[in-house]
Amino acid sequence: MRSAETQLTPRQHQILGLMAEGLSNGGIAHRLHVSEKTVVQHCSNIYAALGLEPSAEEHRRVLAVVRHLRDAHPEPHAAGRPG
């Protein structure tokens, strides 16, 4: 089964990576030479693809970045660790 992140477009992966670097929407827009509105739309599409609904208790941007980092650096399985 594929993770939700594998369904993101290359541009969405790029934006998620820049989010993980700590860039704001404005910073991402400047880096990619696009409008901030374009970045906001990509972020909304990323949240939707990852199944991250708006919530008063959780920050979707942080959750998206955490998921991105986990997918990029998966922990070894417990069975594969030396005991």
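In terms of our numbering, the sequence shown has 59 at position 3, counting the first letter as 1, and numbering is strictly consecutive. Idealized CB from N, CA, C, for every residue including glycine.
Taking 8 Å as the upper bound for CB-CB distance, A104 and L72 are not in contact here, some 13 Å apart. Distance check between H115 and each of C99, P130, A128 places C99 closest, using alpha-carbon atoms only. When the five nearest sequence neighbours on each side are left out, no beta carbon in the same chain lies closer than 6 Å to the beta carbon of P130. Here R87 is not near L106, since their CB atoms are 8 Å or more apart. The residue from P66, T65, E77 with its alpha-carbon nearest to that of R117 is E77.
Secondary structure of G107 (DSSP, three-state): coil.
For N81, the closest alpha carbon among the candidates Q97, H69, L64 is that of Q97.
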